[in-house]
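Participant: Okay, so the sequence shown: first residue is 11 according to this note's numbering, each after it adds one.
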Amino acid sequence: MRCDVRRRCGAARVRMRYRIREALDRNGMDLRKVAEMAGVSPAAVQKVVAGVTNSPRILQALREAGVPEQYLYDPARAEANATEGKVA
Numbered sequence: 011m012r013c014d015v016r017r018r019c020g021a022a023r024v025r026m027r028y029r030i031r032e033a034l035d036r037n038g039m040d041l042r043k044v045a046e047m048a049g050v051s052p053a054a055v056q057k058v059v060a061g062v063t064n065s066p067r068i069l070q071a072l073r074e075a076g077v078p079e080q081y082l083y084d085p086a087r088a089e090a091n092a093t094e095g096k097v098a
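This is how it looks when you write it as structure tokens:
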């Protein structure tokens with residue numbers, strides 16, 4: 011996975027961090043519960059939401075917690091869309 015794709019996705023996700031939290035709140039979830047679902051620490055989830063890191067496991071847990079895909083900016087999906095000719 012290209013470094014520039016990960017960086018762009020992280021930067022986009024940090025702009026959506028409040029939307030991610032709102033989606034979690036609407037579904038009765040918080041970062042701690044997402045961390046339990048993913049089997050990681052709450053700090054790891056916070057880093058993903060803040061765009062510092064990209065973890066497929068945590069991004070999947072956020073999806074399962076009801077966060078819309080449009081807020082997640084998953085680098086793996088962005089790269090897959092780019093290879094298919096779609097705009098990321």
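Cβ atoms here follow ideal geometry from the backbone N, Cα and C, with glycine treated the same way.
Only counting runs of 4 or more residues, tell me where the alpha helix (DSSP H) segments fall wholly within the stretch 22-56, in order along the chain.
Facilitator: If we require 4 residues or more, the alpha helix (DSSP H) runs fully inside the stretch 22-56 come out as 27-36, 41-48.
Participant: I believe V24 touches A60 by the beta-carbon criterion, under 8 angstroms. Please report the beta-carbon distance rounded to the nearest angstrom.
Facilitator: Confirmed, Cβ separation roughly 6 angstroms.
Participant: Checking 8 angstroms against the spacing of the C-beta atoms, do A88 and C19 come in under that value?
Facilitator: Yes, these two residues count as a Cβ contact at 8 angstroms.
Participant: Please classify A71: does DSSP put it in a helix, a strand, or coil?
Facilitator: Here A71 sits in helix by DSSP.
Participant: Exposed or buried, P66, counting other C-beta atoms within 10 Å across all chains shown (16 or more means buried)?
Facilitator: Label assigned to P66: exposed.
Participant: Distance, Cα to Cα, A98 vs L82?
Facilitator: Bear in mind that the predicted position of A98 carries a pLDDT of just 46, short of 50, making it too unreliable to give a figure here.
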